Every structure is written in C-alpha cells, then in structure tokens.
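See structure below.
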Amino acid sequence: MPDTSEIKAFISSEELRPQVPQPWKTLLDRAPVINGLKHPLGGEQRDDSEAELIDQRVKLSLRLIPIVAATALLYAGTIAPRTELLVKLACNNLHPGWDLVSNSTSVHKNETSPRHRGFPERLHFVKPLESWQKRSQITTPGTSPMCSDDDAVQKEVAKLNTAISLTSGVLSVFTTGWWTQLSDRVGRIRVLAIGAISGLMVDSIFIGVVLNSDKFPGGYWLLVVSNLIDGIFGGFSTAVATSHAYISDCVPSTERSRWFSLWTGIIFAGMALGPGFGSLLIKFTGNAMLIFYIATVSDLVYGLYVAFILPESMDPERMKAAREAKRRSKRVSTVHPIKSLVLNVLGILAPFTIFFPRVVQRPGGPKKYEWNASFVGLAYALHAVNSGSYSFKYQYAIKAFGWSSTQMGNWLSLLGFTRAFHLTVLLPLILKGIHWLRERNLPNKPLSDSDKAQSVDLFVARASLGVDITSYSASALVTTSNAFLGTTTILSFGGGYPPAIQSLALTLTQTSKAQDAATVNLTSDEPHFEGASIDTTAPDDTGRLLGAMSVVYTLCSQIFGPSLFGALFVATVGSAPRSIFWLSAALNGLALGSLLLVRLKPLSNVEDDAEYVLLNNMED
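Straight run, no breaks: the sequence shown in this note's numbering ends on number 634.
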C-alpha cells in the first residue's frame, strides 16, 4: 500500500532555476571543479561536435541512477520491519515483563486492558517465563500476539507515528523551497550530500534507539528528534526535487520527460522489490535489524559518492548569478523589511491561486465562473489526505492478523508488483481501447488532442477513485487475512489516479490559458482568476501548477492526513479499528463527487452522443 505519487509533484523542478543561453557548451567549456576533482567532460573535449558533447553530458545523469535505485529499494525494505520494531518498542515500554516474540510473560497479563475488538479475538496461551529462560531479543523477527493485539501498545505506536509524520512534514513544507533554491547558488551535489548525511543520521538514531531505548532519555520518543533533523534538511521532497534538478541540468529539454519517466519507474521498481528483498533478508538471517544496517551503510556510500565522485551539473556562472540575485534581494529586504515579509507570505500562497474559480466574460454575455480547476484541486487534496494513512494501516495488519515483518514485506511487494503491472501493461491497453472505440464510433466528429486528453484523463481518474472506494469498503468488511490480501490488491488497480489527475490539471490549465487568450482578442474584459491577476501572454502555468500541487500534497499527506487518521486510530483501535478504511472510502468518495462536478467544454464544435457522454465527462 505504499504511495509514491509525491514524486510526480517535482517533475518540473527545473522551473525553479533561471535559464542561461547555450547551457551545454558553456557548461562543458568551463569544466567546474568538485572537491579537487575536475569535471570529466572539460578541457580536452572542447573541439568535439556539440552533439557529442550533449550526448556525453546526458550520460552524467546515469551516474546518479544506480545509487538512487539502491536507495529506493532499501528504503522500501525497511517499511515493514520498522512498523514491527515500533510495536515491540512500545510493548517493551508498557509491558516490560512480556516476551516480545512469544506469548511468554514473567507476570500475568494486565486484566484491565480493554478487550473490545472490531474483529474476532485470538486466544493467547500465556505461560510464565522460567528463571532460566531469556526474553527474546528485539532484533528477533516476529511480534508476540499479546503485544500486537494490545490496545495500549497500538495507541502508543499510532501517537508516535503521528508525531513523526507531523514533525517531518511541517518542517519539510518550510525548508524544501529554501534547500532547492540554495542548490541554485552552491550547486546540486552539496545539497544532495547534505541530504545523504541527514538520512545517515536518521537511520543511525533509529538503530541506536531500537537497540538501547532504555538508556536514552525519552526512550523511543527520541525518534521524533531524528525526523526533526530530517525535516530541517528538507526530507524526501528536497532529495527528489534536487535530484530532478540535477537531471534537468544534464539533459536537453526535449529529453527531460523521458528521463523523469525513467526516474519514476526506478522508484516504483524499488517500492515493489524492496519489501520482498527485506523479507528474504530477515527470513534467512533471523535479524530484523540487518536491513537497517545495510541502509545506513548505503547512506554513507551515497554521501561519499555524491561528495567526491558525482560531477557538479551547475555552471559556476549560473551559481554566481543566483548568489548575486540573493544579495540584491537581501538588500531590498533590509530597506523594506515589512514589505519583504508580506511578499514572502504572498509568495507562499501565490501558487494556490491557480485553483481559484476563473471568471469568464464573453462578449454580450453575463459574467460566469469556471470551477473546474477548483474541483480538480479539491479532489487532489482529498486523495492526498488519504496518503497519510498508510502507517496506520500497516499497524492494523499487525494487530488484526498478527503479521510479522516478513509477511508484511511480502504483502507490500505483492501490492507493488500489481500496481506496476496495472500502470505499465493493463492501463495502457485500456486507454488504447478507449481511443480505438472513440475513433471508430465518432468518424464524423473529430476531437482535438486536448479534448481527447481531457475526457480520457477525467474518465480514468473517476474510474480509479471508484476502484479505491470499492477496495477500502471491502477491506473494512473482511475479517480474515486472505480476504484482506484480496481486497487490498484491488487497490492497486486504482493506481491510475495520480498520473490521470495531474495530466487533467495540466490540460485544463493549458486549455483555460488558450480560452483566455481567445477572449482577450474578442473583448476588452480580460479574464482573470478571482482575487488574482493572470498573464495571458504567458505560454502556460505548468510550473506554477505543479508547484501548487506539490505543496498541497505535502500539506495533506504529511500533516493533515497523519493527524486525522492517527487521531481516529487511537480513538477506535479498541472498538472499531477498521474505521480508518471507512474514512479512506469516504475521502475517496468526496474526491469522486468533486470530479463529477467537473464539466469540460470541448473547443471543437461537436454534438454529444452516448459514447462521447461516457468518455467526455458523462455530461448531461
């Protein structure tokens, strides 16, 4: 059930940087120096053809891919054992006499703990630990059913997960932009290296807390401090944005889409293979911590690789220009501090104006509002809130079915492979079939490419939300592990929603821009967003839209989502733990309702028929 759609929010991270004429030849001729290592494409290759230089420059981005692939795989491999270890830490703190793996206990189980369940209870045959017996080590795979089924333990883990997500999420919202802009001034590799050091510190603190939680002040709550560090350094969003910026520096604009698709595919592959790899590692070694040791070493290797081997992608002149612009900005802020503060606040809120209702004024007609962008933004936000629920659903699987980290890893890999199959094989075939039916049944009603894209994207987004609602509702009803496997696997077939909703938002923005330009030519009443002015001479709002969507996703998935689902899980874990699935179904239902309100208006003059109604928004 891991969600990686957030990576798509940074596909246009290159929009953050100023454009410099002739970037390829200028960059290669200057041969920047990285920690004493000269750029491998400098100097001797100045006489080569520009095409060869560009080709060699593109190959630089390949140097970043292997380490990113390994990092994605190892990160995904830690998801299941991390949840299991948090349960053990909480159980060890609340019930120090219980064995963490078996049902043995040195004292009788607390009879006052609540026993109401939303699913059939498992019987625990408890026996006291003999004096010669040793408690199982926390690194031993598996969790005692007594621990996983205890309400107090699950509440404690839910509170910890909520605090971790909020700490990292809130700080990431404010620091990601600062770090990505800093990379414009000091270079990409320095920010990437700092991010690697941050990851190394987070994993090291996690290992230390797990192995010595009784010796640290605050115990396992020290993990919140580790994620505080992660949030200060921008977290996952900064790493993705800076990596995308590095690639966009290296490849021509015509190749960026293909490279970003490759990047997305690598992360999806890591999310699919990682849990299975972690499960096999734990199964054959009998040590739940080994995957974290490997991940920590990987962080160290990644940091050294980025700092001393990976060439810098930024031209020194571009970095110098960015630093000069920053100095000028500081001088202005010193002279007018209040004005600068207001502008900074408005700068944070400015991207959201793209979701405001658009005022459409036609010649001789009344003023109307177009709400499509608002409805799409609302649907995107509601779905993003649901993305903050995954850690609590992992907890539910451990509590309801007693799954170990190995079983959870296999489950997550199954979901990853199913989603990958849907996105790479099944969904493209479905889309081809839709286009074939449209062309066959509407031979005399040609549609523009924009019209086709809008209608198909909206259809896929609505259908995907319908699948999600079905899956979550079914998951809230089943009580056996096999049935739960089936209902959650259905969720993978709703994986077409993130790309469809982003594509729909982009197409709507571009179409609105074209309609605005046409209106300007017909009337002096220039269209505008309510509460904000727009520039109809601008080519498009792609960068602003993707920036707004990335902020919305971060706010909803890392702040609002964990807070909402964490509070619900803590309140209902003893009586109705499946409530989190009903809440997910409700959020997706509201998102579907929002998309049902979207009304597309084809630019071409066509008449609707049954097929057009089905695929082009089901209007009327």
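Here a beta-carbon is modelled for each residue, glycine too, at the ideal position from N, C-alpha and C. Every value quoted in this text rests on a predicted model; they were computed, and no experiment measured them.
Proximity winner among the options, relative to residue i (alpha-carbon distances)
i, options, result
"P512", "F498, T523, L479, A497", "L479"
"V216", "G391, S489, N241", "N241"
"I261", "L206, G222, F220", "L206"
"S182", "S150, S227, F574, F435", "F574"
"S405", "L578, L87, R77, P155", "L578"
"S158", "F435, I448, G416", "G416"
"G607", "T523, L505, A519, R476", "R476"
"T586", "A166, F366, L114", "A166"
"F595", "F366, A177, V399, V200", "V399"
"L87", "S517, G430, L522", "G430"
"F435", "S506, L610, T176", "S506"
"L610", "L392, V200, V315, V239", "L392"
"G111", "L100, V82, S150", "S150"
"I308", "S469, L214, F250", "L214"
"G508", "R592, A497, F250, S485", "S485"
"I243", "S388, V184, S598", "V184"
"G447", "S388, T521, V470, V612", "V470"
"H390", "L318, I93, L604", "In the sequence as displayed, the identity of residue 390 is Val instead of His. The candidate whose alpha carbon is nearest that of V390 is L604."
"L99", "L78, R204, P155, L76", "P155"
"L108", "I203, Y234, A177, L499", "Y234"
Sheet register partners of residue i (DSSP bridge)
i, result
"V374", "K382"
Residue i classed as buried or exposed, judged by whether at least 16 other C-beta atoms fall within 10 angstroms
i, result
"T189", "buried"
"P442", "exposed"
"D263", "buried"
"F473", "buried"
"A90", "buried"
"W450", "exposed"
"N226", "exposed"
"R345", "exposed"
"K413", "buried"
"K102", "buried"
"E192", "A small fix is needed here, since residue 192 is Trp in this sequence, not Glu. Looking at its Cβ environment, which holds fewer than 16 other Cβ atoms inside 10 Å, W192 is exposed."
"I296", "buried"
"D6", "Given a span of 15 to 634 for the chain in the structure shown, any question on residue 6 remains unanswerable."
"A581", "exposed"
"P80", "exposed"
"E326", "buried"
"V356", "exposed"
"M160", "buried"
"K334", "exposed"
"K382", "exposed"
"F298", "exposed"
"E170", "buried"
"V612", "buried"
Reduced DSSP secondary structure (H/G/I, E/B, other) of residue i
i, result
"W417", "coil"
"T503", "helix"
"G588", "coil"
"L582", "helix"
"T153", "coil"
"R332", "helix"
"D165", "helix"
"R96", "helix"
"P325", "coil"
"S13", "Coverage of the chain is limited to positions 15 through 634, which leaves residue 13 absent and any answer about it impossible."
"A393", "helix"
"M303", "coil"
"L611", "coil"
"V205", "helix"
"T493", "coil"
"F133", "Because F133 sits at a pLDDT of 45, beneath the cut-off of 50, its placement in the model cannot be relied upon, and the following sentence gives the value as read from the coordinates. Note: F133 maps to coil in three-state DSSP."
"D228", "coil"
"G290", "helix"
"L78", "coil"
"G509", "coil"
"S158", "coil"
"Q147", "Because Q147 carries a pLDDT of 46, less than 50, the predicted location of this residue cannot be relied on, and no value is offered for it."
"W38", "Any answer about W38 is weak, because its pLDDT of 33 lies below 50 and its placement is not dependable; what the coordinates show is given next. Three-state DSSP puts W38 in a helix."
What runs of the alpha helix (DSSP H), each 4 residues or longer, lie entirely inside the stretch 426-457? Fully enclosed alpha helix (DSSP H) runs of 4 or longer: 441-455.
What are the start and end residues of each continuous beta strand (DSSP E) run of 3 or more residues lying completely inside the stretch 230-271, in chain order? Within the stretch 230-271, no complete beta strand (DSSP E) run reaches 3 residues.
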